[in-house]
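Trainee: According to this note's numbering, the stretch in the sequence shown is residues 6 to 468, in order.
For each residue, glycine too, the CB sits at the ideal point set by N, CA and C.
This is the structure, below, for whatever I ask next.
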Amino acid sequence: MALSRSARSAAVATAAAAFFVIAAAPAPTAGAPGAGDPYFPRLGNGGFDARHYALDIAYAPDTGRLDGRATLTARATQHLSSFDLDLQQLQITAVEVDGRHATFTRDGDEVTVTPRTTLAKGRDFTVTVTYGGVPEPLSGPIVFGSAYGWMKTADGVFVACEPNAASTWFPSSDHPSDKATYDIRIKAPRGLTGVSNGRLVSTYDRGDSTYTHWRESRPMATYLATATIGKFDVRTGRTPGGTPIYVAVDPVLKNSNSVDVYAVTAAATDYWSQVFGPYPFEETGAIVDDMPEAGFSLEVQSKPAYSAVRNETTIVHELAHQWFGDSVSVDRWKDIWLNEGFATYAQWLWAEHQGTRPAHDTFRAAYDARPADSSFWQIQVADPQRDTMFASAVYQRGAMTLQALREKIGDKAFFRLLPAWTRLHRYGNADTADFVRLAERVSGRKLDDFFRTWLFTTGKPTP
């Protein structure tokens, strides 16, 4: 068939236009191997946004072996030729992207996945990783010198992963800036209970195994995910304010102290809902395990995990994290005071609420107890450095900053600021600059010098 001259001209123009459209499309590139956090440069990953994790794990306490299948649903944020996942120690047997076999390589804790075809920017995709091995906890100076992560107990495992140990038990984008929802299914020997985040969807026995399925429908940072397994006495119900509650206590610890974990959890959840804004998750609760080697507790989303409960203020601290750290998460780890300073200040507010001590008096006692030449004052709270990110100054000077701010702007503005912060950044991420801007907006005052003194300067400030 022959074309007329005008038709030929139109065809040439159309082809030229198509060429320029194709030429203008960016070439696919590899996603970055990290999220850009200077404290953990290779944690998290670039090129995609994690949306949902479906984790199916089976654990054998007698051998310590974990077998897992993790399906991550994500959205490409660039044209991807390949992308990375974080996975420490465990061995991978297969990787699929959108149900098709994909190749992968490993460089230490980085797994680079190359799908068969390019993943276009804006496209949703799934990556499924089948893996297994014997997870080991991490150690070092970061978490008070304690081991952390996947920790074997006498009857199972205690899982508490802040800041960088989630990838010791499942492949992920292991950084709090990349939050996602979760379905976590746990297979354990019959008679043991698997406890995880969110609400319990189902539990049943089959043969020699017990299966539990948990669903966290609110975005969650990877380090807040848990799959703690053991023998537990479980109590469920609702707080007086109506929030569902699930408390699992290792029977070994049931009579070891006078703290009523269920009652304090219920009371603190309801009180913080008044002070900080509505409770952000579907369920509250606690996991109390016999794990003395850990020596710490963690604000696991919806159910803080306690390596034994040492006092009431530990509970109110970890529950305050449900707002400050879990719902509103740090954008970079250097802003950790936004988690720990706020949760420590919540302990001061709890004592004030109980009528035992005003927050001002707690502030003065903490301030006066440390002389000006103490090393405590040499930590820059707004950027404490990786190995000292959980130094006492991050907690205590962070809390002092909040009390000093309260006294500077007044109670009315201060107690408007806290729920405004949790509402504005609910289920998201924020940094110190965001908090400073909001404090100025709510109070109507310039606070640059105040925050520079308390958060960005070493040395003992003048209240």
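#1: Which residue comes first and which comes last in the alpha helix (DSSP H) that contains M394?
#2: Taking the straight line between their C-alpha atoms, what separation do you get for Q93 and D114?
#3: Count the other CB atoms, across all protein chains shown, that sit within 10 Å of the CB of H106; report buried if there are 16 or more and exposed otherwise.
#4: Using C-beta distances below 6 angstroms, list every residue in its chain close to T227, excluding the 5 sequence neighbours before and after it, in chain order.
#5: List the endpoints of the continuous beta strand (DSSP E) containing T227.
#6: Skipping 5 residues on each side, what residues in its chain have a beta carbon closer than 7 angstroms to that of L452?
#7: Between A374 and the rest of its own chain, which residues show a CB-CB distance below 7 angstroms, the 5 nearest in sequence each way excluded?
#8: Drop a sphere of 10 angstroms on the beta-carbon of S201, count the other beta-carbons inside from all chains shown, and report buried for 16 or more, exposed for fewer.
#9: Rounded to the nearest angstrom, what separates Q352 and Y400 at their Cα positions?
#10: Roughly how many angstroms lie between the CA atoms of V266 and R128, to the nearest whole one?
#11: Hey, out of G145, V252 and V102, whose CA is closest to T122's CA?
#12: Throw me the rounded Cβ distance for the T98 and Y136 pair, which I believe falls under 8 angstroms.
#13: Under 8 angstroms between the Cβ atoms of I250 and G199?
#14: Buried or exposed: A193, going by 16 or more other Cβ atoms within 10 Å of its Cβ?
#15: Using the three-state DSSP reduction, which class does F440 fall into: helix, strand or coil?
#16: Is there contact here, the segment 421 to 434 with the segment 356 to 376, by at least three beta-carbon pairs under 8 angstroms?
#17: Sort G346, E345 and T158 by Cα distance to D255 and report the nearest one.
#18: Does the segment 331 to 345 come within contact of the segment 37 to 53, defined as at least 3 CB pairs closer than 8 angstroms?
#19: Does the segment 324 to 334 come close enough to the segment 408 to 415 that 3 or more CB-CB pairs lie under 8 angstroms?
#20: How about T231 and A310: do their beta carbons lie closer than 8 angstroms?
#21: Quick test of your reading: A253 and I292, contact by CB under 8 angstroms. State the CB separation rounded to the nearest angstrom.
#22: Taking only three categories from DSSP, how would you classify S307?
#23: Short of 7 angstroms in beta carbon distance, which residues of its chain neighbour F419, apart from the five on each side in sequence? Order them along the chain.
#24: For chain C, check one thing: does any of its Cβ atoms lie closer than 8 angstroms to the Cβ of V254?
#25: Taking only the alpha-carbon atoms, compute the straight-line gap between G39 and K184 and give it to the nearest angstrom.
#26: Please look up how many angstroms separate the CB atoms of S87 and V132, rounded, as I've assumed it's under 8 angstroms.
#27: Can you name, in chain order, every residue of its own chain whose Cβ lies under 6 angstroms from the Cβ of G100, other than the five neighbours on each side?
#28: Just to confirm, are G36 and G51 a CB contact at a threshold of 8 angstroms?
#29: Buried or exposed for R111, please, with buried defined as at least 16 other CB atoms from any protein chain shown within 10 angstroms of its CB.
Mentor: For this structure:
#1: Translated into the one-based positions of the sequence shown, residue 394 becomes position 389. No alpha helix (DSSP H) holds M394; DSSP gives it neither H nor E.
#2: Against the sequence shown, residue 93 aligns to sequence position 88. Against the sequence shown, residue 114 aligns to sequence position 109. Using only the alpha carbons, I get a separation of about 5 angstroms.
#3: Sequence index remark: in the sequence shown, residue 106 carries index 101 (1-based). Exposed, by the Cβ-count rule.
#4: Looking up residue 227 in the sequence shown gives position 222. The answer, listed in chain order, is A171, S177 and D179.
#5: Locating residue 227 in the sequence shown gives position 222, where the first residue counts as 1. T227 -> no beta strand (DSSP E), and no H or E assigned at all.
#6: For the purposes of this step, residue 452 is identified with residue 447 of the sequence shown, where counting begins at 1. These residues qualify, in order along the chain: V441, A444 and E445.
#7: Looking up residue 374 in the sequence shown gives position 369. No residues qualify anywhere along the chain.
#8: Residue 201 sits at position 196 when you count from the first residue of the sequence shown. Under this definition S201 is a buried residue.
#9: By 1-based counting over the sequence shown, the position of residue 352 is 347. By 1-based counting over the sequence shown, the position of residue 400 is 395. So the two alpha carbons sit approximately 11 angstroms from each other.
#10: Position 261 of the sequence shown holds residue 266. Position 123 of the sequence shown holds residue 128. Going from the Cα of V266 to the Cα of R128 covers about 45 angstroms.
#11: Here residue 122 is taken as the residue at index 117 of the sequence shown, counted from 1. It is V102.
#12: On the sequence shown, residue 98 is found 93 positions in, with the first residue counted as 1. On the sequence shown, residue 136 is found 131 positions in, with the first residue counted as 1. Their Cβ separation, rounded to whole angstroms, is 7 angstroms, which keeps T98 and Y136 in contact under 8 angstroms.
#13: Here residue 250 refers to the residue found at position 245 when the sequence shown is read from its first residue. Here residue 199 refers to the residue found at position 194 when the sequence shown is read from its first residue. Contact flag unset, no.
#14: By 1-based counting over the sequence shown, the position of residue 193 is 188. Per the 10 Å Cβ criterion, buried.
#15: Working through the sequence shown from its first residue, we reach residue 440 at position 435. Three-state DSSP puts F440 in a helix.
#16: no
#17: Taking the sequence shown and counting its residues from 1, the one referred to as residue 255 is at position 250. Of the candidates G346, E345 and T158, the one whose C-alpha sits nearest the C-alpha of D255 is T158.
#18: yes
#19: no
#20: For the purposes of this step, residue 231 is identified with residue 226 of the sequence shown, where counting begins at 1. For the purposes of this step, residue 310 is identified with residue 305 of the sequence shown, where counting begins at 1. Result yes, Cβ atoms of T231 and A310 sit closer than 8 angstroms.
#21: As a first step, residue 253 is located in the sequence shown; it is residue number 248 there, counting from the start. As a first step, residue 292 is located in the sequence shown; it is residue number 287 there, counting from the start. Yes, they are in contact, since the Cβ atoms of A253 and I292 sit about 5 angstroms apart, within 8 angstroms.
#22: For this step, residue 307 is matched to residue 302 along the sequence shown. S307: coil per DSSP, three-state reduction.
#23: As a first step, residue 419 is located in the sequence shown; it is residue number 414 there, counting from the start. Same-chain partners within the cutoff: L410 and R411.
#24: Absent from the structure: chain C. Only one protein chain is present.
#25: The count along the sequence shown starts at 1 and reaches residue 39 at position 34. The count along the sequence shown starts at 1 and reaches residue 184 at position 179. If you take the alpha carbons of G39 and K184, they lie about 15 angstroms apart.
#26: Looking up residue 87 in the sequence shown gives position 82. Looking up residue 132 in the sequence shown gives position 127. Incorrect: roughly 11 angstroms between the Cβ atoms, too far for contact.
#27: On the sequence shown, residue 100 is found 95 positions in, with the first residue counted as 1. A small correction: the amino acid at residue 100 is Val; Gly does not occupy that position in the sequence shown. So the list reads A107, F109, V118 and V134, once near-sequence residues are dropped.
#28: Stepping through the sequence shown from its first residue, residue 36 is reached at position 31. Stepping through the sequence shown from its first residue, residue 51 is reached at position 46. For G36 and G51, yes; Cβs fall inside 8 angstroms.
#29: For the purposes of this step, residue 111 is taken as the residue at position 106 of the sequence shown. Looking at its Cβ environment, which holds fewer than 16 other Cβ atoms inside 10 Å, R111 is exposed.
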